[in-house]
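Number of protein chains: 2
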Amino acid sequence: MALNHAIMTAMLDTPTTGYELTKRFDTSLGFFWKASHQQIYKALRDLEQQGLLFSEDVPQAGKPDKVVYQLTEQGRQHLDAWVLQDSQVREAKDDLFVKLYNLNAHNRAHLRQELEKRAHSSAEKLSLYHRIRNRRFANPANLPLREQGIYCALLAGIRHCEMTLDWVEEVTPLIGDA
Amino acid sequence: MALNHAIMTAMLDTPTTGYELTKRFDTSLGFFWKASHQQIYKALRDLEQQGLLFSEDVPQAGKPDKVVYQLTEQGRQHLDAWVLQDSQVREAKDDLFVKLYNLNAHNRAHLRQELEKRAHSSAEKLSLYHRIRNRRFANPANLPLREQGIYCALLAGIRHCEMTLDWVEEVTPLIGDA
DNA sequence: CTGAATTATGCAACTCTTTGCATATGTAAA
DNA sequence: TTTACATATGCAAAGAGTTGCATAATTCAG
Numbered sequence: 453m454a455l456n457h458a459i460m461t462a463m464l465d466t467p468t469t470g471y472e473l474t475k476r477f478d479t480s481l482g483f484f485w486k487a488s489h490q491q492i493y494k495a496l497r498d499l500e501q502q503g504l505l506f507s508e509d510v511p512q513a514g515k516p517d518k519v520v521y522q523l524t525e526q527g528r529q530h531l532d533a534w535v536l537q538d539s540q541v542r543e544a545k546d547d548l549f550v551k552l553y554n555l556n557a558h559n560r561a562h563l564r565q566e567l568e569k570r571a572h573s574s575a576e577k578l579s580l581y582h583r584i585r586n587r588r589f590a591n592p593a594n595l596p597l598r599e600q601g602i603y604c605a606l607l608a609g610i611r612h613c614e615m616t617l618d619w620v621e622e623v624t625p626l627i628g629d630a
Numbered sequence: 453m454a455l456n457h458a459i460m461t462a463m464l465d466t467p468t469t470g471y472e473l474t475k476r477f478d479t480s481l482g483f484f485w486k487a488s489h490q491q492i493y494k495a496l497r498d499l500e501q502q503g504l505l506f507s508e509d510v511p512q513a514g515k516p517d518k519v520v521y522q523l524t525e526q527g528r529q530h531l532d533a534w535v536l537q538d539s540q541v542r543e544a545k546d547d548l549f550v551k552l553y554n555l556n557a558h559n560r561a562h563l564r565q566e567l568e569k570r571a572h573s574s575a576e577k578l579s580l581y582h583r584i585r586n587r588r589f590a591n592p593a594n595l596p597l598r599e600q601g602i603y604c605a606l607l608a609g610i611r612h613c614e615m616t617l618d619w620v621e622e623v624t625p626l627i628g629d630a
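Chains A and B are the protein sequences, given in the same order.
If you read the first sequence in my numbering, its first letter stands for residue 453, the second for the next number, and so on.
If you read the second sequence in my numbering, its first letter stands for residue 453, the second for the next number, and so on.
As structure tokens, then:
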């Protein structure tokens, strides 16, 4: 159950609320692990019950009150131990490839559009990744080790987007008819 | 529920048993969509109940009897319609990236090993993909359209493996300490 | 003939994810 | 002042996937 570990990872530095996590899971770590707010709030409660997090109710003026969670020492140890476990690769499941197996004259125009959409969203994400790299990783060699790890993940994201763009450019003519 | 569609896709050409599908989901379509035999047999029964497949019991000599499923006309139409729907991109969830966010002096050696393992399995898969390309797609321009679609998917697989190999090579020194 | 492997299928429990619905407070614009 | 938006949290049902267990026929090696 890596969602729990992703959540704990997101809390390594700073105590956080479910709401903030939800937003962060749309960026940064969220590039590699998506989760809905329903999942997150549930996971936070579960993790607290397991003693891996603890929470404080924080009343706020001008906003609804919030619940701030942070890692316990046990949580930190649990996370450390998890990182040292072997990870099994869970292959991506992607509709688009299944659909490509169905390519025919009747759906080729649609599938070309899907490829374009894919390229478009890759291009957008790529430019976001570039902005992050320029802002946060301008001089990667001098970063603390953990930041380097995050940088490695970012580089994977960048490469993935670039690959998708190249691939779409390569295969669009194969699908042809435009 | 794209598993159902993946199964129907795998049956476009030939009637098939759950057992054969299970094996095929370790290759070909299975590169892009994994499923266990428990999932597959269940899905086959469900699809038959929905009228998208129909089955024949085939007694065999020298082996246990089998149940051969094939697409109904309704199933074919359903699949066609599904291909024309917009597909939402379900991002890959990958432990390894979450773990990289936890990089520290204590786990760097382990994470370097994980990267190596990843590179190794990518290299293996890549050589398998190359074999498939040479055997089945030596002259892609002359293939029927549907085969071209399959070829596009294969090219994505190839690029993905290559990307992974390049990425591991790039980031291994960043993790360093070896 | 016994035990292992292959072919062939299935149930049940559990975990994980998605989807739809729900609630409550406060701010800012129309 | 009504409406929309952002903040902040949650329940419940359904769908999808994993894991463990189970069965049964046949072949083949030892």
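Where a beta carbon is used, it is the ideal one built from N, C-alpha and C, also for glycine.
CB contact flag (residue 498 (chain B), residue 509 (chain B), <8 angstroms) | Counting from one through the second sequence, the residue named residue 498 (chain B) turns up at place 46. Counting from one through the second sequence, the residue named residue 509 (chain B) turns up at place 57. Residue 498 (chain B) is not a Cβ neighbour of residue 509 (chain B), given a cutoff of 8 angstroms.
8 angstroms Cβ cutoff, residue 560 (chain B) in contact with chain A | Counted from its first residue, the second sequence places residue 560 (chain B) at position 108. Taking Cβ atoms only, chain A reaches closer than 8 angstroms to residue 560 (chain B), which makes this a yes.
Which residue's Cα is closest to the Cα of residue 568 (chain B): A:541, A:477, A:548?
-> One-based indexing of the second sequence puts residue 568 (chain B) at position 116. Answer by Cα proximity: A:541.
So, is the C-beta of residue 615 (chain B) closer than 8 angstroms to a C-beta in chain A?
-> Your numbering for residue 615 (chain B) matches position 163 in the second sequence. A Cβ of chain A is located within less than 8 angstroms of the beta carbon of residue 615 (chain B).
Quick one, which residues of the stretch 477 to 507 of chain B are near chain A if we go by CB-CB under 7 angstroms, in chain order?
-> Hits within the stretch, in order: 481, 484, 485, 486.
Neighbouring residues, chain B, relative to residue 473 (chain A) (Cβ below 9 angstroms) = The residue labelled residue 473 (chain A) in the question sits at position 21 within the first sequence. At a C-beta separation below 9 angstroms, residue 473 (chain A) has no neighbours in chain B, since its nearest C-beta there lies roughly 14 angstroms away.
Contacting residues, own chain, Cβ-Cβ under 8 angstroms from residue 566 (chain B) (five flanking each side not counted) = Reading the second sequence from its first residue, position 114 is the one you call residue 566 (chain B). So the list reads 548, 551, once near-sequence residues are dropped.
Would you kindly work out how many angstroms separate the C-alpha atoms of residue 587 (chain A) and residue 607 (chain A), rounded to a whole number?
-> As a working mapping, residue 587 (chain A) is identified with position 135 in the first sequence. As a working mapping, residue 607 (chain A) is identified with position 155 in the first sequence. Distance from the CA of residue 587 (chain A) to the CA of residue 607 (chain A), rounded to the nearest whole angstrom, comes to 14 angstroms.
From this set, A:596, A:604, A:464, A:538, which residue's C-alpha is nearest residue 521 (chain A)'s C-alpha?
-> Numbered from 1 along the first sequence, position 69 holds the residue referred to as residue 521 (chain A). When C-alpha distances from residue 521 (chain A) are compared across A:596, A:604, A:464, A:538, the shortest belongs to A:464.
For a contact meaning CB atoms closer than 7 angstroms, what does residue 551 (chain A) contact in chain B?
-> By one-based count along the first sequence, residue 551 (chain A) stands at place 99. One finds 535, 539 in chain B with Cβ atoms closer than 7 angstroms to the Cβ of residue 551 (chain A), taken in chain order.
Rounded to a whole number of angstroms, what is the C-alpha to C-alpha distance between residue 467 (chain A) and residue 583 (chain A)?
-> As a first step, residue 467 (chain A) is located in the first sequence; it is residue number 15 there, counting from the start. As a first step, residue 583 (chain A) is located in the first sequence; it is residue number 131 there, counting from the start. Distance from the CA atom of residue 467 (chain A) to the CA atom of residue 583 (chain A), rounded to whole angstroms, is 26 angstroms.
Which chain A residues are close to residue 545 (chain B), counting only those with a beta carbon under 9 angstroms from its beta carbon?
-> Taking the second sequence and counting its residues from 1, one reaches residue 545 (chain B) at position 93. Within chain A, the residues near residue 545 (chain B) are 454, 455, 458, 484, 485, 486, 542, 544.
Would you list the residues sitting across from residue 509 (chain B) in a DSSP beta bridge?
-> For the purposes of this step, residue 509 (chain B) is taken as residue 57 along the second sequence, with counting starting at 1. Note: residue 509 (chain B) is bridge-paired with B:519 in the DSSP secondary-structure output.
Could you say if the stretch 481 to 501 of chain B and the stretch 453 to 461 of chain B meet the contact criterion of at least three C-beta pairs nearer than 8 angstroms?
-> Yes, they touch.
Hey, does residue 526 (chain A) have any beta-carbon neighbour from chain B nearer than 8 angstroms?
-> As a first step, residue 526 (chain A) must be located in the first sequence, where it is residue number 74. By this cut-off, residue 526 (chain A) is not an interface position.
Chain A within 8 angstroms of residue 582 (chain B), Cβ atoms only | The sequence position of residue 582 (chain B) within the second sequence is 130, counting from 1. With a threshold of 8 angstroms between beta carbons, residue 582 (chain B) makes no contact with chain A.
Quick one: Cα of residue 506 (chain B) to Cα of residue 523 (chain B), how far?
-> Numbered from 1 along the second sequence, position 54 holds the residue referred to as residue 506 (chain B). Numbered from 1 along the second sequence, position 71 holds the residue referred to as residue 523 (chain B). Approximately 7 angstroms between the Cα atoms of the pair.
What separation, rounded to the nearest whole angstrom, lies between the Cα atoms of residue 559 (chain A) and residue 589 (chain B)?
-> Here residue 559 (chain A) refers to the residue found at position 107 when the first sequence is read from its first residue. Here residue 589 (chain B) refers to the residue found at position 137 when the second sequence is read from its first residue. C-alpha of residue 559 (chain A) to C-alpha of residue 589 (chain B): approximately 22 angstroms in a straight line.
Members of the stretch 581 to 611 of chain A near chain B, C-beta cut-off 8 angstroms = Under the 8 angstroms Cβ criterion, the stretch 581 to 611 of chain A contributes 592, 597, 598, 600, 601, 602, 603, 604, 605, 607, 608, 611.
Cα separation between residue 611 (chain A) and residue 618 (chain B)?
-> Position 159 of the first sequence holds residue 611 (chain A). Position 166 of the second sequence holds residue 618 (chain B). Straight across, the Cα-Cα distance linking residue 611 (chain A) with residue 618 (chain B) is about 9 angstroms.
So what does DSSP say about residue 461 (chain A), is it helix, strand or coil?
-> Looking up residue 461 (chain A) in the first sequence gives position 9. Residue state, collapsed to three classes: helix.
Through-space distance from residue 577 (chain B) to residue 546 (chain A), alpha-carbon basis | As a working mapping, residue 546 (chain A) is identified with position 94 in the first sequence. As a working mapping, residue 577 (chain B) is identified with position 125 in the second sequence. Approximately 18 angstroms between the Cα atoms of the pair.
What is the rounded straight-line gap between the Cα of residue 474 (chain A) and the Cα of residue 512 (chain B)?
-> In the first sequence, counting from the first residue as 1, residue 474 (chain A) sits at position 22. In the second sequence, counting from the first residue as 1, residue 512 (chain B) sits at position 60. Straight-line Cα distance between these residues: approximately 55 angstroms.
Ends of the alpha helix (DSSP H) at residue 601 (chain A)?
-> If you number the first sequence from 1, residue 601 (chain A) lands on position 149. Segment 597 to 627, the alpha helix (DSSP H) holding residue 601 (chain A).
Contact with chain A by residue 578 (chain B), beta-carbon distance below 8 angstroms = As a working note, residue 578 (chain B) is residue 126 in the second sequence. For residue 578 (chain B), the answer is no, since every Cβ of chain A falls outside 8 angstroms of its Cβ.
Throw me the rounded Cβ distance for the residue 555 (chain A) and residue 601 (chain B) pair, which I believe falls under 8 angstroms.
-> Within the first sequence, the letter at position 103 stands for residue 555 (chain A). Within the second sequence, the letter at position 149 stands for residue 601 (chain B). For residue 555 (chain A) against residue 601 (chain B), the beta-carbon gap comes to about 3 angstroms, under 8 angstroms, which counts as contact.
Within chain B, the residues that residue 621 (chain A) reaches when beta carbons sit closer than 8 angstroms | Within the first sequence, residue 621 (chain A) is the residue found at index 169, counting from 1. From the beta-carbon of residue 621 (chain A), no residue of chain B is found nearer than 8 angstroms; the closest lies around 11 angstroms away.
Per-residue contacts from residue 461 (chain A) into chain B (C-beta, under 7 angstroms) | Along the first sequence, one-based indexing puts residue 461 (chain A) at 9. Neighbours of residue 461 (chain A) on chain B, chain order: 550, 553, 554.
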